[in-house]
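Have a look at the structure below, then the notes.
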Amino acid sequence: MDFRQTIDYIQQKYNISDALAEVYVTQSINMIRDYLNYDISDQEICDKFFYVIVIITTDLMNISKFKAEHGTITSMSQGSRSVSYSTSISEGYKLSEQVRGMLPTPRVRVF
(Lines of atoms letter the chains of each structure in order from A and count residues from 1; the text may use other names and numbers.)
(Lines give C-alpha, C1' and ligand atoms only; values in the text may rest on other atoms or scores of the structure.)
Protein backbone atom coordinates (compact mmCIF):
# COMPACT_ATOMS: atom_id res chain seq x y z
CA MET A 1 0.00 0.00 0.00
CA ASP A 2 1.15 3.49 -0.66
CA PHE A 3 1.04 6.42 1.77
CA ARG A 4 -2.38 7.68 0.59
CA GLN A 5 -3.96 4.22 0.74
CA THR A 6 -2.59 3.72 4.24
CA ILE A 7 -4.17 7.00 5.39
CA ASP A 8 -7.48 6.07 3.74
CA TYR A 9 -7.44 2.65 5.43
CA ILE A 10 -6.82 4.17 8.88
CA GLN A 11 -9.48 6.83 8.26
CA GLN A 12 -12.11 4.25 7.32
CA LYS A 13 -11.16 1.70 9.99
CA TYR A 14 -11.34 4.16 12.88
CA ASN A 15 -13.83 6.64 11.42
CA ILE A 16 -11.57 9.65 11.92
CA SER A 17 -10.84 12.72 9.80
CA ASP A 18 -8.36 12.62 6.96
CA ALA A 19 -6.04 15.12 8.65
CA LEU A 20 -5.98 13.16 11.91
CA ALA A 21 -5.32 9.90 10.07
CA GLU A 22 -2.42 11.56 8.27
CA VAL A 23 -0.95 12.77 11.57
CA TYR A 24 -1.12 9.27 13.08
CA VAL A 25 0.32 7.56 10.00
CA THR A 26 3.13 10.11 9.67
CA GLN A 27 3.99 9.74 13.35
CA SER A 28 3.98 5.93 13.03
CA ILE A 29 6.27 6.09 9.99
CA ASN A 30 8.68 8.40 11.81
CA MET A 31 8.77 6.07 14.82
CA ILE A 32 9.58 3.11 12.55
CA ARG A 33 12.28 5.09 10.71
CA ASP A 34 13.83 6.23 14.01
CA TYR A 35 13.84 2.69 15.40
CA LEU A 36 15.37 1.13 12.28
CA ASN A 37 17.92 3.92 11.83
CA TYR A 38 17.60 3.47 8.05
CA ASP A 39 17.43 6.13 5.39
CA ILE A 40 14.15 4.77 4.01
CA SER A 41 11.29 6.56 2.25
CA ASP A 42 7.73 6.85 3.54
CA GLN A 43 6.53 4.86 0.53
CA GLU A 44 8.91 1.99 1.28
CA ILE A 45 7.86 1.90 4.93
CA CYS A 46 4.18 1.81 3.91
CA ASP A 47 4.88 -1.04 1.48
CA LYS A 48 6.95 -3.17 3.84
CA PHE A 49 5.44 -2.41 7.25
CA PHE A 50 1.77 -1.65 6.64
CA TYR A 51 0.51 -3.83 9.48
CA VAL A 52 3.07 -2.40 11.88
CA ILE A 53 1.81 1.10 11.01
CA VAL A 54 -1.74 -0.03 11.82
CA ILE A 55 -0.64 -1.43 15.21
CA ILE A 56 1.33 1.70 16.14
CA THR A 57 -1.55 3.93 15.00
CA THR A 58 -3.95 1.93 17.19
CA ASP A 59 -1.60 2.35 20.17
CA LEU A 60 -1.25 6.09 19.55
CA MET A 61 -5.02 6.49 19.30
CA ASN A 62 -5.49 4.64 22.58
CA ILE A 63 -2.90 6.86 24.25
CA SER A 64 -4.52 10.04 22.95
CA LYS A 65 -7.96 8.83 24.03
CA PHE A 66 -6.60 8.07 27.52
CA LYS A 67 -4.95 11.51 27.72
CA ALA A 68 -8.18 13.17 26.62
CA GLU A 69 -10.13 11.40 29.36
CA HIS A 70 -7.53 11.70 32.12
CA GLY A 71 -5.77 14.94 31.23
CA THR A 72 -2.28 15.62 30.04
CA ILE A 73 -0.72 16.81 33.28
CA THR A 74 2.65 15.13 33.74
CA SER A 75 3.71 16.74 37.03
CA MET A 76 2.51 19.17 39.69
CA SER A 77 4.24 20.95 42.51
CA GLN A 78 2.65 22.96 45.27
CA GLY A 79 5.54 25.31 46.18
CA SER A 80 5.29 27.94 43.50
CA ARG A 81 2.29 26.27 41.83
CA SER A 82 4.00 24.69 38.87
CA VAL A 83 2.14 22.40 36.46
CA SER A 84 3.74 20.56 33.51
CA TYR A 85 1.69 19.35 30.58
CA SER A 86 2.43 16.70 27.99
CA THR A 87 2.94 18.22 24.54
CA SER A 88 2.87 15.24 22.20
CA ILE A 89 0.57 12.34 21.51
CA SER A 90 3.42 9.86 21.49
CA GLU A 91 5.39 11.39 24.34
CA GLY A 92 6.46 8.52 26.53
CA TYR A 93 5.39 5.91 23.99
CA LYS A 94 7.98 3.35 23.02
CA LEU A 95 7.57 0.60 20.48
CA SER A 96 6.32 -2.54 22.19
CA GLU A 97 8.07 -5.91 22.03
CA GLN A 98 5.35 -7.08 19.65
CA VAL A 99 6.05 -4.23 17.23
CA ARG A 100 9.83 -4.51 17.50
CA GLY A 101 9.56 -8.24 16.80
CA MET A 102 7.78 -7.49 13.51
CA LEU A 103 10.55 -5.15 12.34
CA PRO A 104 14.02 -6.07 11.08
CA THR A 105 17.05 -5.58 13.30
CA PRO A 106 17.92 -1.87 13.49
CA ARG A 107 21.26 -0.57 12.29
CA VAL A 108 23.80 0.24 14.95
CA ARG A 109 24.23 3.94 15.64
CA VAL A 110 27.83 5.07 15.62
CA PHE A 111 28.64 8.50 16.96
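Count along the sequence shown from 1, then add 29; that gives the number in this note's numbering.
All C-beta atoms, glycine included, are put in the ideal place defined by N, C-alpha and C.
Contact under 8 Å by Cβ, residue i with residue j
i	j	result
R62	I74	yes
V81	M131	yes
Y64	M90	no
I36	A50	yes
I92	V128	no
Length of the line joining the Cα atoms of residue i and residue j
i	j	result
F32	D71	7 Å
E126	N59	18 Å
F140	N66	13 Å
V83	K123	15 Å
R136	R110	44 Å
T134	K77	14 Å
T87	Q34	17 Å
K94	F79	23 Å
Beta-carbon contacts of residue i that lie in its chain and below 6 Å, excluding the five residues immediately before and after
i	result
Q40	D47, A50
Y38	none
S57	I82, I85, T86
7 Å CB neighbourhood of residue i in its chain, flanking five on each side removed
i	result
G108	none
- Item | Runs of beta strand (DSSP E) wholly within the region 35 to 62 (minimum 3 residues, chain order) | Taken in chain order, no unbroken stretch of beta strand (DSSP E) lies wholly in the region 35 to 62 with a span of 3 residues or more.
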